[in-house]
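In my numbering, the protein residues as written are 16 to 359.
Let me begin by presenting the structure, written as structure tokens, before commenting on it.
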């Protein structure tokens, strides 16, 4: 065999090996997991090595992925987000997925009574940590511009389920919530509030009190009517949930469970004490849900000025137009509590 022929055979063999290797690196399945798919979460500011560390347990050959990533220049620009990788995906497909648009996640929140708790809840569902979220929530320039303050800022976050990209920034999350708030407060709803003599922020504050007063949705409109009647007459609201909030605020402990408000509690010096200060508190005492907000906007028209828990019908209340009648129902309720030995 002459030299030229030998060189030709060698080159053809080398070409074949290179082609085969190329197909192995790019187009042969490189996943090692048995599930139908896995999700990869790439945080903001992740490096290429960070991605490799996450991928390594799920790939047959991390070296082959490195080669493909270098050729496709993925190693020069990592994208953050949530990505779905299917079983038997090859390196070419995996890289294309990681370069594409991340997936959305469903974010749900409903019972957080302070911005700090809301930040903690959200941080468990998207990439930003609670510190970056609470910093965005408390941004004084933003609050001033949008006519909020630290007392009422939680009104802007309407409880619901929302779709977000997992790598959404803290600021973008906050800004999206502002858009949802503005969308909810349509001209029709603003006018409904105006007809009641209050504005949207005041609706949220009152709704937060009503939410704490009763879990019975069919009674909320009536309770809303009582508070609105008291406000029109410039009476103290005397809402027990505001006393409970005041106690928690003063003690800086919002995990405390308080089953009964005592007479001594009514003297607490707090802007949230509606037994001491007229009108609504400076902000919501909890995150008002949509049901409570609607109960204010659609409050019942009646002449009731008082209500107290009904021991014969758990969860519901007895309503009165006169203080005399109210005191009668109130004594019955207190006697019932005393028999149960229900203290703090």
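Idealized CB from N, CA, C, for every residue including glycine.
Remember, predicted model here, so these are calculated numbers, not experimental data.
Taking 7 Å as the cut-off, the Cβ atoms of residue 208 and residue 214 count as close. Residue state for residue 343 is assigned as helix, using DSSP reduced to three classes. Per DSSP, reduced to three states, the secondary structure at residue 41 is helical.
Residue 44 and residue 36 have their C-alpha atoms spaced approximately 13 Å apart.
The region 189-197 and the region 167-174 touch, with no fewer than 3 CB-CB distances between them shorter than 8 Å. Classified as exposed, residue 203 has fewer than 16 neighbouring CB atoms from the shown chains inside 10 Å of its CB. The C-alpha of residue 216 lies about 27 Å from the C-alpha of residue 280. Taken in chain order, the complete alpha helix (DSSP H) segments of 4 residues or longer contained in the region 50-86 are 63-70 and 77-86. Contact between residue 304 and residue 227 is absent: CB atoms are separated by about 11 Å, not below the 8 Å threshold. With fewer than 16 other CB atoms across the displayed protein chains lying within 10 angstroms of its CB, residue 162 is exposed.
Taking residue 78 as the centre and dropping the five residues before and after it, the same chain places no C-beta closer than 7 Å to its C-beta. DSSP places residue 254 in the coil class of the three-state scheme, outside both helix and strand.
DSSP places residue 154 in the coil class of the three-state scheme, outside both helix and strand.
Bridge pairing for residue 332: 324 [DSSP]. Looking at the DSSP output, residue 99 shares a beta bridge with 54.
Put simply, the backbone Cα of residue 185 is about 6 Å away from that of residue 147.
Following the DSSP letters along the chain, one finds residue 199 inside the alpha helix (DSSP H) bounded by residues 185-199. A direct Cα-to-Cα measurement between residue 314 and residue 122 gives close to 30 Å. Shown here for residue 151: same chain residues with a beta carbon closer than 6 Å to its own, the five before and five after excluded, namely 185, 186 and 189 in chain order.
Rounded to the nearest whole angstrom, the C-alpha separation of residue 117 and residue 127 is 28 Å. In this structure, the beta-carbon distance from residue 145 to residue 155 does not fall below 7 Å. Per DSSP, the continuous alpha helix (DSSP H) segment holding residue 210 begins and ends at 202-210. Here the region 292-301 does not lie against the region 311-330, with fewer than 3 beta-carbon pairs under 8 Å apart.
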